[in-house]
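Undergrad: Input: one structure, supplied below.
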Amino acid sequence: MKLKANNTNWWVVTDIDGTLMDHNYDLQPALPTIKWLNELSIPVIPCTSKTAAEVRDLRKNIGLNDPFIVENGGAIYGNDPSSKLEWELILGEKYEKLRSKLRLISSELGYSLMPLNDLSKLEISELTGLTGKAIELALDRQWSVPFLNPPDSYRKRLGEIASGLGATIYQGNRMSHLLAKGSHKGKAVIRLKEFLNQPDAKIIALGDSQNDLPLLEIADKPIVVPGKEGPNPFLREGISSGKFSLAPAPHSAGWSLAVRKIISDFEK
Ligand SMILES: [Mg+2]
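In our numbering, the protein residues as written are 269 to 536.
So this is what it looks like as structure tokens:
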């Protein structure tokens, strides 16, 4: 197969929410493609705003063994191939430190930004659709602070204040995330290549939101996965300029078709 004959080392690096999963957390249509990639020895590396606890659970359920980037690039985890012990590469700042920054931002902004972890379980369930144990896994935050999206009129000022305090904010579909300044998904992938001593690994990246932009920008094959209403407005410019390709269907179905198309083109 050409992929191996070329000796090119491809990684599939993928966002989870809205990309590999739809907004009901369904990823069934992607499972045969994940299995196929596994047979081809192409790693599938989750790169998500989710917590390590959530991704560990997901990996177990769908049979993934490759490293995983969590909390929007705040940390990377993986298993040593021989000992199976988990390693940890920390890139961001601790939750408690970021939590104090969120307090400072709130007071400067004159608007109380509400962390996800301060909501009741019922409120979290209504906001995220998560229930039971899944809520506990989502609250196990170490390297980022998710908070409720403030009204749009605060958005610009919020970014400016955060930047002045050495923090970055990414707006997601359901909430925003506060991270250490300079932490993002793209930087995490570059650090992972260094850590695994695979500087020549080529990246097929898939994402659906603003927080995926730094990941798509460092990829060799960047793919935007649309929602049912089309691609996220933050990513449209990259698609129209031809920098990013657009998956032919929403969520996991589009994810599968786009990945299979790229890999099949290699095999020709
Ligand atoms: Mg997403």
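Yeah, the Cβ is synthetic: ideal placement off N, Cα and C, and Gly gets one too.
For the beta strand (DSSP E) that contains W279, what are its first and last residues?
TA: Working through the sequence shown from its first residue, we reach residue 279 at position 11. From DSSP, the beta strand (DSSP E) with W279 extends over 278 to 282.
Undergrad: Taking DSSP as the reference, what is the three-state secondary structure of K270?
TA: The residue given as residue 270 occupies position 2 in the sequence shown. In this prediction, K270 has a pLDDT of 40, which is less than 50 and means its spatial position is unreliable; what the coordinates show is noted afterwards. The answer is helix: DSSP assigns K270 an H, G or I state.
Undergrad: Using CA coordinates, which residue listed in Y293, W279, R324, P414 is at the minimum distance from N306?
TA: Taking the first residue of the sequence shown as 1, we reach residue 306 at position 38. The residue with the shortest Cα to Cα distance from N306 is W279.
Undergrad: Going by DSSP, which residues form a beta bridge with L357?
TA: In the sequence shown, the residue the question calls residue 357 occupies position 89. DSSP lists I344 as partners of L357.
Undergrad: Identify every run of the beta strand (DSSP E) within the region 470 to 517, keeping only runs that are complete inside it and at least 3 residues long; order them along the chain.
TA: 470 to 475, 489 to 492, all fully within the region 470 to 517.
Undergrad: Tell me the DSSP secondary structure of H445 in three-state form.
TA: Indexing the sequence shown from 1 puts residue 445 at position 177. Here H445 sits in strand by DSSP.
Undergrad: What's the call for G346, buried or exposed, on a 16-neighbour Cβ count within 10 Å?
TA: For the purposes of this step, residue 346 is taken as residue 78 along the sequence shown, with counting starting at 1. Counting Cβ neighbours within 10 Å, G346 comes out buried, since at least 16 surround it.
Undergrad: Could you please give me the residues that DSSP links to I429 through a beta bridge?
TA: Along the sequence shown, one-based indexing puts residue 429 at 161. According to DSSP, I429 bridges with nothing at all.
Undergrad: Measuring CA to CA, which of L416, L446, T282 is closest to V323?
TA: Along the sequence shown, one-based indexing puts residue 323 at 55. Nearest option by C-alpha distance: T282.
Undergrad: Looking at the unbroken beta strand (DSSP E) that takes in P419, where does it start and where does it end?
TA: Sequence index remark: in the sequence shown, residue 419 carries index 151 (1-based). First-last for P419: undefined, no H or E at that position.
Undergrad: Would you report the Cα separation of I530 and K303, rounded to the nearest angstrom?
TA: In the sequence shown, counting from the first residue as 1, residue 530 sits at position 262. In the sequence shown, counting from the first residue as 1, residue 303 sits at position 35. Taking the CA atoms as reference points, I530 sits about 16 Å from K303.
Undergrad: Under 7 Å, Cβ to Cβ, is there at least one residue of chain C near Y422?
TA: Within the model displayed, chain C is absent; a lone protein chain is all it includes.
Undergrad: Identify, in the order they occur along the chain, each residue of the same chain with its Cβ nearer than 6 Å to the Cβ of K270, setting aside the five sequence neighbours on each side.
TA: Locating residue 270 in the sequence shown gives position 2, counting from the first residue. Bear in mind that the predicted position of K270 carries a pLDDT of just 40, short of 50, making it unreliable; the figure below should be weighed with that in mind. F534, E535, listed in sequence order.
Undergrad: With a cut-off of 8 Å, do at least 3 Cβ pairs link the region 350 to 358 to the region 427 to 442?
TA: no
Undergrad: By Cβ distance below 6 Å, which residues in the same chain neighbour P577 in space, the five residues on each side in sequence not counted?
TA: What the structure shows of the chain is the stretch from 269 to 536, and residue 577 is not part of that stretch, so it cannot be assessed.
Undergrad: Is it buried or exposed for S309, if we count other Cβ within 10 angstroms and need 16 for buried?
TA: Position 41 of the sequence shown holds residue 309. With fewer than 16 other Cβ atoms within 10 Å, it is exposed.
Undergrad: Examine ligand 1 and report whether any of its heavy atoms sits within less than 6 Å of the Cβ of S477.
TA: In the sequence shown, residue 477 corresponds to position 209, counting from 1. Within the cutoff, so yes.
Undergrad: Should E339 go down as buried or exposed, given a rule of 16 or more other Cβ atoms within 10 Å for buried?
TA: By one-based count along the sequence shown, residue 339 stands at place 71. With 16 or more other Cβ atoms within 10 Å, it is buried.
Undergrad: Less than 6 Å between the CB of T287 and some heavy atom of ligand 1, yes or no?
TA: Within the sequence shown, numbered from 1, the residue matching residue 287 stands at position 19. True, at least one ligand heavy atom lies under 6 Å from that Cβ.
Undergrad: For a test of the three-state rule: what should DSSP assign to T287, helix, strand or coil?
TA: In the sequence shown, counting from the first residue as 1, residue 287 sits at position 19. Three-state result, T287: coil.
Undergrad: Looking only at C-alpha atoms, which of K318, L370, E428 sits nearest to E404?
TA: For the purposes of this step, residue 404 is identified with residue 136 of the sequence shown, where counting begins at 1. Nearest option by C-alpha distance: K318.
Undergrad: Would you say L503 and P516 are within 7 Å of each other, going by their C-beta atoms?
TA: Taking the first residue of the sequence shown as position 1, residue 503 is located at position 235. Taking the first residue of the sequence shown as position 1, residue 516 is located at position 248. No, they are not a contact pair.
Undergrad: In the structure shown, what three-state DSSP assignment does P349 receive?
TA: In the sequence shown, residue 349 corresponds to position 81, counting from 1. Three-state DSSP puts P349 in coil, outside helix and strand.
Undergrad: Would DSSP call I337 helix, strand or coil?
TA: Taking the sequence shown and counting its residues from 1, one reaches residue 337 at position 69. Here I337 sits in strand by DSSP.
Undergrad: How many Å lie between S374 and E391 at the Cα?
TA: Here the question's residue 374 lines up with position 106 in the sequence shown. Here the question's residue 391 lines up with position 123 in the sequence shown. Taking the straight line from one Cα to the other gives about 21 Å.
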